[in-house]
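K.L.:
My questions will all concern the structure given below.
Residue numbers (this note's numbering), protein chains in the order written: chain E, 1 to 189; chain W, 190 to 792.
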């Protein structure tokens, strides 16, 4: 708001940080409805039907990898809150590593699923679209964390001012929670 | 170079790269490389990304993310309107110009349909062409009805009315507008690729087997949905966090409330139509089996997902128009808005119920019969919160000192039309009646009464109400009234007979009808041409006022709300200093109320 003649004050005393945070939360709510729509198709069209040969063990391992990455991204945020930029960088790298590991497992899973689940069947279609949408979100999360990492290397974040890290972490947690719903609706139900 | 041209250039380059890569990959995999479906799809997605990067996303976001100095678009005069400008007032006018253009284009298509329907038998179109013209008319008008008011007036007036200096996320606001041009380009190009004949609803299996022009519809809908989501995030955050001191929830102008509730629906339900479009496109290009019965898919599920968005969408069309109508009624009746809290509750009730009525579009679709009665009940109960809004309007008029200026005439006309729209709607929601009324011109009459008679009359009430503020000049009141009376009378002469036609067996979406209905159809067509011609008066009035109308005062209507407390048009950051809100926006004639807000001259 440079060049503005007055300091903005609002009813309710909202700060810029709170405004940013609220915007991100609305974005997350909206994105949750995207997956709600995908799950709605699965449950409305197919009920609880699922093919015999789903690899639930592999999906379980992927779940654990992703939950671990939520833990590390949380550590990254805590590190910068205490002014520890090196800790932030280390945990960001770890998180991105776990994210890449998840995508690698997912690629392996898809290579099997392409043979065993017919993509031209309703279950196959919703399976690939839902896991693919999630993977795309994870990929965008990786891209955001990479940008945060580059910014952190330039020293862009301080203990009292690290909205970029918080936003990246919040989005990453969201992508994790989405995976839990995908695991539940596609594999377990 | 103007950002628009840079965006176009990068859009074309993106399209070529995306399409070329797809063809290359297909060739390597041993498939036929140049098929329309997947090459066009990937090309479009790359083109969309290229367009957005070129038009301003690269300069304002990506450079910042990469640690470079961002280059925000700075321009004066007319150049502001052709780039990634973040001023909410510029964005409002960009939306307005774009969507009024689409409105008149879609109106011309309606005139062509009425030429065809003027007498029985085939005249200027064959059946296939008629359905393509009808589909493009319907979809363009749906986009106009959904977007014009929030885009133009929401962006322009929400920050002004709550006393803020801009929206919460000005760059995202610019993004929400600049997502639209690729969708508009798709729709303008679609006739050259055969168009599509599925109406604006795009039901499979037809939408999976018809000409490739169908994909233009799918992708344009998807793109528009993207913009809706981005815009609603911005509206919700702005309205919650950026109200001026003293602007409590109970003092919020009713138009701002209507945009708030509308945004709740756009934020959430829009994702469903995005998914419906995505699945249809995948069924077409990637051999998936979501809706294709030939592969075991479920076409009926499309209708559920589609209407889960598209029924709330009709309230997305209607609610901001209600906001404008209540706003105008209170200011021109010189009375406090009657039952303000109940009107807000009505908006809330409509928003909540709008998520639970979608299957009333599907009474004849063969869905499980157990769903029929519950959806009939929820649909009929939505008239309760709608009634609250209507009663608020009537109570405001009661014993008011009515000033019959052009905006007031449009608000009153909208009120009248919407009443007929509401009454005809009761028959549609009633299961035994709907089985007979479904897919007849009765339905065409009903939704034109609500959407044109209500939402578009609200849009024009808003245009005549806020034009002096946005342009800084005044239009001719005489021509404004002439436009109103022509539009109001001939609107009713077009759409009331259509209800009768529907009851006498005239089907919608077919370019012909039983010969004995010819006389009434000729009457409807001639009325429609006069209705269409009335907009020429509007255009003449607006252009002349813009070119050499008298300069408008800051507050020509003597209205209390904050947008009138600054100059016409307002300066870049709206107010010289933070306004202090002291009382309600509609406290006309309330002795102890004082002014709505104090705007300090210098802080």
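Each residue gets a CB set at the ideal place from its N, CA and C atoms; glycine is no exception.
(1) Comparing the C-beta of residue 154 of chain E with each C-beta of chain W, is any distance below 9 Å?
(2) Within 9 Å (strictly less), CB to CB, does residue 305 of chain W reach chain E?
(3) With a threshold of 7 Å on Cβ separation, who are the neighbours of residue 179 of chain E within its own chain once the five nearest residues in sequence on each side are excluded?
(4) Taking Cβ-Cβ distances shorter than 7 Å, what residues in chain E pair up with residue 254 of chain W?
(5) Tell me the rounded alpha-carbon separation between residue 145 of chain E and residue 255 of chain W.
(6) Quick one: does residue 120 of chain E have its CB under 9 Å from some CB of chain W?
(7) What are the partner residues of residue 787 of chain W, as DSSP defines its beta bridges?
(8) Please check if any C-beta of chain W sits within less than 9 Å of the C-beta of residue 9 of chain E.
(9) Is the CB-CB distance between residue 432 of chain W and residue 523 of chain W below 9 Å?
(10) Provide the residue(s) that pair with residue 263 of chain W in DSSP beta bridges, ordered along the chain.
(11) Is the shortest distance between the beta-carbon of residue 412 of chain W and the beta-carbons of chain E less than 9 Å?
(12) When you compare each of W:645, W:650, W:714 and W:671 to residue 293 of chain W by their alpha carbons, which one comes out closest?
(13) Can you tell me which residues form a DSSP beta bridge with residue 662 of chain W?
(14) Following the continuous alpha helix (DSSP H) through residue 338 of chain W, name the residue where it begins and the one where it ends.
(15) Could you check the C-alpha separation between residue 642 of chain W and residue 507 of chain W for me, to the nearest Å?
(16) By the criterion of Cβ-Cβ separation under 7 Å, what are the contact partners of residue 23 of chain E in chain B?
(17) Quick one: does residue 521 of chain W have its CB under 9 Å from some CB of chain E?
(18) Helix or strand or just coil, what does DSSP make of residue 696 of chain W?
(19) Taking Cβ positions, are residue 445 of chain W and residue 350 of chain W nearer each other than 9 Å?
(20) Residue 51 of chain E: which of E:78, E:58, E:166 and E:118 sits nearest, CA to CA?
(21) Exposed or buried, residue 48 of chain E, counting other C-beta atoms within 10 Å across all chains shown (16 or more means buried)?
(22) Under the rule that 16 or more other beta-carbon atoms within 10 Å means buried, what is residue 397 of chain W, buried or exposed?
(23) Using the C-alpha atoms, what's the distance from residue 554 of chain W back to residue 628 of chain W?
(24) Say whether chain W places a C-beta atom closer than 9 Å to the C-beta of residue 12 of chain E.
(25) Roughly how many angstroms separate the alpha carbons of residue 363 of chain W and residue 517 of chain W, rounded to a whole number?
(26) List the residues of chain E whose Cβ lies closer than 8 Å to the Cβ of residue 476 of chain W, in chain order.
(27) Less than 9 Å between the beta carbons of residue 454 of chain W and residue 575 of chain W, yes or no?
(28) Using 8 Å as the cut-off, can you tell me whether the segment 315-322 of chain W makes contact with the segment 698-705 of chain W, which would need three or more C-beta pairs spanning the two stretches below that distance?
(29) List the residues of chain W that residue 18 of chain E touches, going by C-beta distances under 9 Å, in chain order.
(30) List the whole-angstrom C-beta distance separating residue 103 of chain E from residue 58 of chain E, where the pair is believed to meet the contact cut-off of C-beta under 8 Å.
(31) By the 10 Å Cβ neighbour count, where 16 or more other Cβ atoms means buried, how is residue 674 of chain W classified, buried or exposed?
(32) Going by Cα to Cα distance, which pick from W:346, W:581, W:297 and W:357 is closest to residue 14 of chain E?
(33) With DSSP as the reference, please indicate the residues paired to residue 161 of chain E in a beta bridge.
(34) Comparing C-alpha positions only, which one of W:207, W:470 and W:224 sits nearest to residue 236 of chain W?
(35) Closer than 8 Å, Cβ to any Cβ of chain E: which residues of the segment 484-496 of chain W, in chain order?
P.N.:
Reading from the atomic positions:
(1) For the purposes of this step, residue 154 of chain E is identified with residue 154 of the first chain, where counting begins at 1. It does: the Cβ of residue 154 of chain E has a partner Cβ on chain W nearer than 9 Å.
(2) Position 116 of the second chain, counted from the first residue, corresponds to residue 305 of chain W. Not one chain E Cβ lies under 9 Å of residue 305 of chain W.
(3) Working through the first chain from its first residue, we reach residue 179 of chain E at position 179. The residues are 63, 66 and 134.
(4) Locating residue 254 of chain W in the second chain gives position 65, where the first residue counts as 1. In chain order: 147.
(5) Along the first chain, one-based indexing puts residue 145 of chain E at 145. Along the second chain, one-based indexing puts residue 255 of chain W at 66. Going by the C-alpha atoms only, they are around 12 Å apart.
(6) Here residue 120 of chain E is taken as the residue at index 120 of the first chain, counted from 1. Yes, its Cβ sits closer than 9 Å to a Cβ of chain W.
(7) Taking the second chain and counting its residues from 1, one reaches residue 787 of chain W at position 598. In the DSSP output, where bridge partners are listed per residue, residue 787 of chain W has W:769.
(8) Translated into positions along the first chain, residue 9 of chain E becomes position 9. Closer than 9 Å to some Cβ of chain W, the Cβ of residue 9 of chain E qualifies, so yes.
(9) Here residue 432 of chain W refers to the residue found at position 243 of the second chain. Here residue 523 of chain W refers to the residue found at position 334 of the second chain. No; because the gap between Cβ atoms is not below 9 Å, this pair is not in contact.
(10) Position 74 of the second chain holds residue 263 of chain W. Note: residue 263 of chain W sits in no beta bridge, so no partner.
(11) Numbered from 1 along the second chain, position 223 holds the residue referred to as residue 412 of chain W. Closer than 9 Å: no.
(12) The sequence position of residue 293 of chain W within the second chain is 104, counting from 1. It is W:645.
(13) For the purposes of this step, residue 662 of chain W is taken as the residue at position 473 of the second chain. DSSP lists W:740 as partners of residue 662 of chain W.
(14) The residue you call residue 338 of chain W lines up with position 149 of the second chain. No alpha helix (DSSP H) contains residue 338 of chain W, which DSSP labels as neither H nor E.
(15) As a first step, residue 642 of chain W is located in the second chain; it is residue number 453 there, counting from the start. As a first step, residue 507 of chain W is located in the second chain; it is residue number 318 there, counting from the start. C-alpha separation (whole angstroms): 10 Å.
(16) Checking the listed chains, one finds no chain B in this structure; the protein chains it contains are E and W.
(17) Sequence index remark: in the second chain, residue 521 of chain W carries index 332 (1-based). It does not: the Cβ of residue 521 of chain W has no partner Cβ on chain E nearer than 9 Å.
(18) Along the second chain, read from residue 1 onward, the residue named residue 696 of chain W stands at position 507. Strand at residue 696 of chain W.
(19) Position 256 of the second chain holds residue 445 of chain W. Position 161 of the second chain holds residue 350 of chain W. Going by C-beta atoms, residue 445 of chain W is nearer than 9 Å to residue 350 of chain W.
(20) In the first chain, counting from the first residue as 1, residue 51 of chain E sits at position 51. Cα-wise, what sits closest to residue 51 of chain E is E:118.
(21) Numbered from 1 along the first chain, position 48 holds the residue referred to as residue 48 of chain E. It counts as exposed.
(22) Here the question's residue 397 of chain W lines up with position 208 in the second chain. Flag for residue 397 of chain W reads buried.
(23) Mapped onto the second chain, residue 628 of chain W falls at position 439. Mapped onto the second chain, residue 554 of chain W falls at position 365. One C-alpha to the other measures close to 11 Å.
(24) As a working note, residue 12 of chain E is residue 12 in the first chain. Interface residue, yes.
(25) On the second chain, position 174 is the one that residue 363 of chain W refers to. On the second chain, position 328 is the one that residue 517 of chain W refers to. C-alpha separation (whole angstroms): 28 Å.
(26) Reading the second chain from its first residue, position 287 is the one you call residue 476 of chain W. The contacting residues are 119 and 120.
(27) The residue you call residue 454 of chain W lines up with position 265 of the second chain. The residue you call residue 575 of chain W lines up with position 386 of the second chain. Cβ distance not < 9 Å, so residue 454 of chain W and residue 575 of chain W don't count as in contact.
(28) yes
(29) Counted from its first residue, the first chain places residue 18 of chain E at position 18. Near residue 18 of chain E (Cβ distances below 9 Å), the residues of chain W are 430.
(30) Residue numbering aside, residue 103 of chain E sits at position 103 when the first chain is read from its first letter. Residue numbering aside, residue 58 of chain E sits at position 58 when the first chain is read from its first letter. Wrong, their Cβ atoms sit about 13 Å apart, outside the cutoff.
(31) On the second chain, position 485 is the one that residue 674 of chain W refers to. Result: exposed.
(32) For the purposes of this step, residue 14 of chain E is identified with residue 14 of the first chain, where counting begins at 1. Ranking W:346, W:581, W:297 and W:357 by Cα distance to residue 14 of chain E puts W:357 first.
(33) Start at 1 with the first residue of the first chain, and residue 161 of chain E comes out as number 161. DSSP, once it has assigned bridges, lists E:158 as partnering residue 161 of chain E.
(34) Here residue 236 of chain W corresponds to residue number 47 of the second chain, with the count starting at 1. That would be W:207, whose Cα lies nearest to the Cα of residue 236 of chain W.
(35) 484, 485, 486, 487, 490, 493 and 494
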